[in-house]
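In my numbering, the protein residues as written are 1030 to 1122.
Okay, structure coming up:
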């Protein structure tokens, strides 16, 4: 499971998607707008996150909404982000 979670975090766009989904579920077009990227650039990332088990696709009529598979992923992302930011801030280049 840890390897799958690491794969989800291995791409900057996927990390940004997860941070957006941490706030609320979203449709692909909304994710692309929130990230300032094209829908084409976004296209494969939600399915990768789904395959990693951190995101679920929720059918909503003719559309699909994405959300975190478990709210604990959101808490884990927050902790990883805080630890990383603290380490970077404390590092002397």
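Glycine is no exception: its CB is placed at the ideal position from the N, C-alpha and C atoms. None of the values given here were measured: they were computed from a predicted structure.
Asked, Found
"Alpha carbon of residue 1077 to alpha carbon of residue 1084, nearest angstrom", "9 Å"
"Three-way DSSP call (helix, strand, coil) for residue 988 in this model", "Summary: the structure shown does not reach residue 988, with the chain confined to residues 1030 through 1122, and so no result is reported for it."
"Distance between beta carbons of residue 1106 and residue 1051, contact taken as under 8 Å", "6 Å"
"Spatially closest choice to residue 1032 from 1104, 1055, 1080, 1111, by CA coordinates", "1080"
"Neighbourhood of residue 1122 by C-beta, 7 Å cutoff - its chain only, sequence neighbours within 5 removed", "At residue 1122, the pLDDT of 47 sits below 50, so the modelled position is not reliable; the number obtained from the coordinates is stated separately. Counting only Cβ-Cβ distances below 7 Å, and skipping sequence neighbours, we find nothing."
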